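Protein chains: 2
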Amino acid sequence: MALIVQKYGGTSVADIERIRSVAERVIRAKREGHDVVVVLSARAGDTDRLIQLGREMSPNPDPRELDMLVSTGEQITIALFCMAVKDRGYDAISMTGYQAGILTDDHYGNARISSINTEAIMNHLKRGRIVAVAGFQGVDPEGNITTLGRGGSDTTAVAIAAAIKADRCEIYTDVDGVYTTDPSIYKKARKLKKISYEEMLEMASLGAKVLHFRSVEFGMKYGVPIYVASSFKDVPGTLVTKEDEDMERVVVSGVTYTKNVARVTINDVPDVPGMAAAIFRPLADAGINVDMIIQGSSGIPGRASISFTVPEDKYNETIEIVQSISNKIGAGKVHGDNQISKVSIVGLGMRSHCGVAEKMFSALAAQNINIQMISTSEIKISCVIDSKYTELAVRVLHDAFELDKDPNGVFQVKEEILPKEVVR
Amino acid sequence: MALIVQKYGGTSVADIERIRSVAERVIRAKREGHDVVVVLSARAGDTDRLIQLGREMSPNPDPRELDMLVSTGEQITIALFCMAVKDRGYDAISMTGYQAGILTDDHYGNARISSINTEAIMNHLKRGRIVAVAGFQGVDPEGNITTLGRGGSDTTAVAIAAAIKADRCEIYTDVDGVYTTDPSIYKKARKLKKISYEEMLEMASLGAKVLHFRSVEFGMKYGVPIYVASSFKDVPGTLVTKEDEDMERVVVSGVTYTKNVARVTINDVPDVPGMAAAIFRPLADAGINVDMIIQGSSGIPGRASISFTVPEDKYNETIEIVQSISNKIGAGKVHGDNQISKVSIVGLGMRSHCGVAEKMFSALAAQNINIQMISTSEIKISCVIDSKYTELAVRVLHDAFELDKDPNGVFQVKEEILPKEVVR
Numbered sequence: 163m164a165l166i167v168q169k170y171g172g173t174s175v176a177d178i179e180r181i182r183s184v185a186e187r188v189i190r191a192k193r194e195g196h197d198v199v200v201v202l203s204a205r206a207g208d209t210d211r212l213i214q215l216g217r218e219m220s221p222n223p224d225p226r227e228l229d230m231l232v233s234t235g236e237q238i239t240i241a242l243f244c245m246a247v248k249d250r251g252y253d254a255i256s257m258t259g260y261q262a263g264i265l266t267d268d269h270y271g272n273a274r275i276s277s278i279n280t281e282a283i284m285n286h287l288k289r290g291r292i293v294a295v296a297g298f299q300g301v302d303p304e305g306n307i308t309t310l311g312r313g314g315s316d317t318t319a320v321a322i323a324a325a326i327k328a329d330r331c332e333i334y335t336d337v338d339g340v341y342t343t344d345p346s347i348y349k350k351a352r353k354l355k356k357i358s359y360e361e362m363l364e365m366a367s368l369g370a371k372v373l374h375f376r377s378v379e380f381g382m383k384y385g386v387p388i389y390v391a392s393s394f395k396d397v398p399g400t401l402v403t404k405e406d407e408d409m410e411r412v413v414v415s416g417v418t419y420t421k422n423v424a425r426v427t428i429n430d431v432p433d434v435p436g437m438a439a440a441i442f443r444p445l446a447d448a449g450i451n452v453d454m455i456i457q458g459s460s461g462i463p464g465r466a467s468i469s470f471t472v473p474e475d476k477y478n479e480t481i482e483i484v485q486s487i488s489n490k491i492g493a494g495k496v497h498g499d500n501q502i503s504k505v506s507i508v509g510l511g512m513r514s515h516c517g518v519a520e521k522m523f524s525a526l527a528a529q530n531i532n533i534q535m536i537s538t539s540e541i542k543i544s545c546v547i548d549s550k551y552t553e554l555a556v557r558v559l560h561d562a563f564e565l566d567k568d569p570n571g572v573f574q575v576k577e578e579i580l581p582k583e584v585v586r
Numbered sequence: 163m164a165l166i167v168q169k170y171g172g173t174s175v176a177d178i179e180r181i182r183s184v185a186e187r188v189i190r191a192k193r194e195g196h197d198v199v200v201v202l203s204a205r206a207g208d209t210d211r212l213i214q215l216g217r218e219m220s221p222n223p224d225p226r227e228l229d230m231l232v233s234t235g236e237q238i239t240i241a242l243f244c245m246a247v248k249d250r251g252y253d254a255i256s257m258t259g260y261q262a263g264i265l266t267d268d269h270y271g272n273a274r275i276s277s278i279n280t281e282a283i284m285n286h287l288k289r290g291r292i293v294a295v296a297g298f299q300g301v302d303p304e305g306n307i308t309t310l311g312r313g314g315s316d317t318t319a320v321a322i323a324a325a326i327k328a329d330r331c332e333i334y335t336d337v338d339g340v341y342t343t344d345p346s347i348y349k350k351a352r353k354l355k356k357i358s359y360e361e362m363l364e365m366a367s368l369g370a371k372v373l374h375f376r377s378v379e380f381g382m383k384y385g386v387p388i389y390v391a392s393s394f395k396d397v398p399g400t401l402v403t404k405e406d407e408d409m410e411r412v413v414v415s416g417v418t419y420t421k422n423v424a425r426v427t428i429n430d431v432p433d434v435p436g437m438a439a440a441i442f443r444p445l446a447d448a449g450i451n452v453d454m455i456i457q458g459s460s461g462i463p464g465r466a467s468i469s470f471t472v473p474e475d476k477y478n479e480t481i482e483i484v485q486s487i488s489n490k491i492g493a494g495k496v497h498g499d500n501q502i503s504k505v506s507i508v509g510l511g512m513r514s515h516c517g518v519a520e521k522m523f524s525a526l527a528a529q530n531i532n533i534q535m536i537s538t539s540e541i542k543i544s545c546v547i548d549s550k551y552t553e554l555a556v557r558v559l560h561d562a563f564e565l566d567k568d569p570n571g572v573f574q575v576k577e578e579i580l581p582k583e584v585v586r
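Top line first, the protein sequences correspond to chains A and B. Just so you know, we're using the numbering used here here: the first sequence kicks off at 163 and counts up by one. Just so you know, we're using the numbering used here here: the second sequence kicks off at 163 and counts up by one.
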């Protein structure tokens, strides 16, 4: 008898039949004696269609009105879902973001949840109802409808789980868990049974599109165990939770990659204070997101070389801006490469294990893959390489750290005991 | 400088281009110095599509959830409308029924407005904004979303006009006003410049589908002048307002008709108290709406004959129910006719003019049209006739009361002075 939040994404509620399947899954949890809050996304494609409609009306739609428009997508699925549940003899009630007490700031299109008034949700749960909440939306302090940005329904689910002190938050989606790497690139990829919030954050930000970044942050901040599994198959998923003893035995948990990256280098930069700010402020003003930054010696005394990465679609704009800065500050040639990728290894165990970086570099070198840039954090090492080697690098690193092998017998959790395990 | 509520129906906001036209019309009123609240329906077809979606999910969709689903239609149009207005450099804000303070009872699908908290609307107006309110919807005292039933956006508009003490409520629709009869039946039909609430109520309930019945009731109750005009053409419409001196000069204002009516007659009913109740209660229980009821002598002492009309699609069911009642109460044969129509003349002047009924009957008799039933009110006379004579009867009555002629020079209002005239 637990209090559970379940979230189903757009492909899981794409049509009438799938919404019926979701209703049946939720009812199963209810019949098992759990109290269930369900968070639903809009039907797959609906959000895009609504945004497209807004763009047809205006080249630059008013952000408040776009949220008013787009938020109808989730309202449709929660209503249809509750009809399906009631048809099966169970009580259910749908709630818009406003009705569910989800308060956000007023950053239309990308709002952050500031608080949740759980009174209404708890009242309905007490009366034995399945509560269906519209994901991705809330209201600002003035009562205007806001949306949380792409992937926001994950955040809605985890935030509600935190607010109502749910035993766990289950995210059902079109992938069945978190893998050691992208299974479409390497068939030896292994599904992880557990992963820490910290590792998941690095995975999420590095390109493993399983869970929305903010939802993991929320889970970590409030200690909500997040269980990610398939909404189509009945197979065990991955539990994202706080670091525990089992996890420490693993050095590297996964290999991730990001394509569509570009590198820009400025040579011969005067090595005086304020140079970095002079280069990066205009890029920030232009809304260009700079990722890795490396400053090194250029070989000439008093002169430095600065390299950084940007999204590939900003490459030309970046080159243009940086060239004009270089002229102003008296730096040298600006050059770059828009055919690169970033490959990373992530793992809590790195903190206490030596030689991890060396092993990564050797594995790449053995395949003659040249490393153009290196960046490290406590639990992550990223290398920029020629993009044509991306898949090869992922496979080589996966093998080098033996990620296809389950590193720990303790991890051999049987399917039927999974729910208990995630109860705090 | 007036305070105006404008309502645009589904065909007026059917697509992006039409919503843009509506935005331009509203901006014109704003530029003329008026404060404007706009009430919008869902795009033509959207409400039906949403109801259909609900029916695909459930043969009998939960009414609360159906309202949650259907109310998204208006939310889409108000958002798109405000985008269009803002693109043209004017400030606008959309409001759902809840945000606009529209409180209703909890009769999902057919709710009635109980009160409107105008604070938010007035605040936005004070800041110079065009306020766009979702028609057809509100919230019940528990905060659940409700809808007002078909045509409810008219009611939303008139109710808001009453609540904010607007100078007038303008209903823009796909017909350009109220005519003396259906122009598609008789090309001599003349558009009325003014009509009283009372006459409009009779017209609305008798089948002239220009204004929703409840909206006229609301206008009458709170003294809101309602101006009905085309949203596509710039031609003068019809003002629905309280009775004034001009109107008294007209005896008959219009001829209306209802097809798809059926008559049922029970002969030889024991003429004792309680018989009418015994017949009509089972019909009410079956949800069959009985319109005209006439009880007459059957020629046999102590025995009566009862005739009444029902919608044609309830004819077979009615015959079946009434036959079983007849058997129970010892009445005679049940028979009827499902090929009949109701033709009516409506006019305030009937109260003070004699011979109106006689003139109607004579006009029909002159064409050999047999009158099967007659029913009268203070300002209306209805006759049931064979449905094949419907169009002929309408034309004959229109001619008999010379409705094609403007009865009063005072009614010759020029287009440009219309707005002034309707300001109280």
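No residue lacks a Cβ here, since even glycine has one placed at the ideal position from N, Cα and C. Given the structure is predicted, the values throughout are model-derived calculations rather than measurements.
Per-residue DSSP class, three states only, for residue i
| i | result |
| --- | --- |
| residue 239 of chain B | helix |
| residue 560 of chain B | helix |
| residue 398 of chain A | coil |
| residue 588 of chain B | Absent from the structure is residue 588 of chain B, since the part of chain B shown begins at 163 and ends at 586. |
| residue 181 of chain A | helix |
| residue 585 of chain A | Here residue 585 of chain A scores only 31 on pLDDT, less than 50, and its place in the model should not be relied on; the value that follows carries that caveat. Three-state result, residue 585 of chain A: coil. |
| residue 548 of chain B | strand |
| residue 555 of chain B | helix |
| residue 443 of chain A | helix |
| residue 415 of chain B | coil |
| residue 372 of chain B | coil |
| residue 346 of chain A | coil |
| residue 220 of chain B | coil |
| residue 576 of chain A | Its pLDDT being 35, under 50, residue 576 of chain A is placed unreliably by the model, and nothing is read from it. |
| residue 403 of chain B | strand |
| residue 362 of chain B | helix |
Residue range of the alpha helix (DSSP H) that includes residue i
| i | result |
| --- | --- |
| residue 521 of chain B | 518-527 |
| residue 378 of chain A | 375-384 |
| residue 353 of chain B | Premise fails: residue 353 of chain B is in no alpha helix (DSSP H) and is neither H nor E. |
| residue 231 of chain A | 225-232 |
| residue 170 of chain B | Element bounds for residue 170 of chain B: not the alpha helix (DSSP H) but the beta strand (DSSP E), 165-170. |
| residue 389 of chain B | Where residue 389 of chain B is concerned, there is no enclosing alpha helix (DSSP H), although the beta strand (DSSP E) it sits in stretches over 388-392. |
| residue 285 of chain B | 281-288 |
| residue 436 of chain B | Looking at the DSSP string, residue 436 of chain B is not in any alpha helix (DSSP H), and its letter there is neither H nor E. |
8 Å contact criterion, which residue i and residue j should meet: CB distance rounded
| i | j | result |
| --- | --- | --- |
| residue 242 of chain A | residue 231 of chain B | 7 Å |
| residue 380 of chain B | residue 324 of chain B | 6 Å |
| residue 508 of chain A | residue 416 of chain A | 5 Å |
| residue 266 of chain A | residue 300 of chain A | 4 Å |
| residue 386 of chain B | residue 399 of chain B | In fact, because the Cβ distance is near 15 Å, the residues do not count as touching under 8 Å. |
Span of the beta strand (DSSP E) around residue i
| i | result |
| --- | --- |
| residue 534 of chain B | 533-539 |
| residue 466 of chain A | 465-473 |
| residue 264 of chain A | 264-266 |
Can at least three beta-carbon pairs, one atom from the region 545-561 of chain A and one from the region 522-531 of chain A, be found at a separation below 8 Å? With a cut-off of 8 Å, the region 522-531 of chain A and the region 545-561 of chain A count as touching, because enough Cβ pairs lie within range.
Evaluate the contact criterion for the region 300-318 of chain A versus the region 263-278 of chain A: three or more CB pairs, one atom per stretch, below 8 Å. Touching, per the Cβ criterion.
Would you mind listing the beta strand (DSSP E) stretches within the region 291-337 of chain B that are 3+ residues and don't spill past its ends, in chain order? Complete beta strand (DSSP E) runs here, min 3: 292-296, 299-301, 307-309, 330-335.
Validate contact between the region 428-443 of chain B and the region 465-473 of chain B using beta carbons, cut 8 Å, 3 pairs: Enough Cβ pairs lie closer than 8 Å, so yes.
Is there contact between the region 550-563 of chain B and the region 515-526 of chain B, where contact requires at least three CB pairs shorter than 8 Å? Yes, they touch.
Examine the Cβ distances between the region 393-407 of chain B and the region 424-432 of chain B and report whether three or more of them are shorter than 8 Å. Result no; under three Cβ-Cβ pairs closer than 8 Å.
Could I get the ranges of all uninterrupted alpha helix (DSSP H) runs contained in the region 476-517 of chain A, with 4 residues as the minimum, in chain order? Correct list: 477-491.
If you scan the region 180-217 of chain B from start to end, which runs of the beta strand (DSSP E) of 3 or more residues do you find wholly inside it? Inside the region 180-217 of chain B, DSSP marks whole beta strand (DSSP E) runs of 3 or more residues at positions 197-202, from first to last along the chain.
Assess contact between the region 314-323 of chain B and the region 343-353 of chain B, defined as three or more Cβ pairs (one per stretch) separated by less than 8 Å. Is contact present? Three or more beta-carbon pairs separated by less than 8 Å are not found between the region 314-323 of chain B and the region 343-353 of chain B, which leaves the two stretches without contact.
Using 8 Å as the Cβ pair cut-off and three pairs as the minimum, do the region 181-189 of chain A and the region 206-218 of chain A touch? The region 181-189 of chain A is not in contact with the region 206-218 of chain A.
Report yes or no: do three or more beta-carbon pairs, one from the region 252-261 of chain A and one from the region 286-296 of chain A, lie closer than 8 Å? Output reads yes: the region 286-296 of chain A touches the region 252-261 of chain A.
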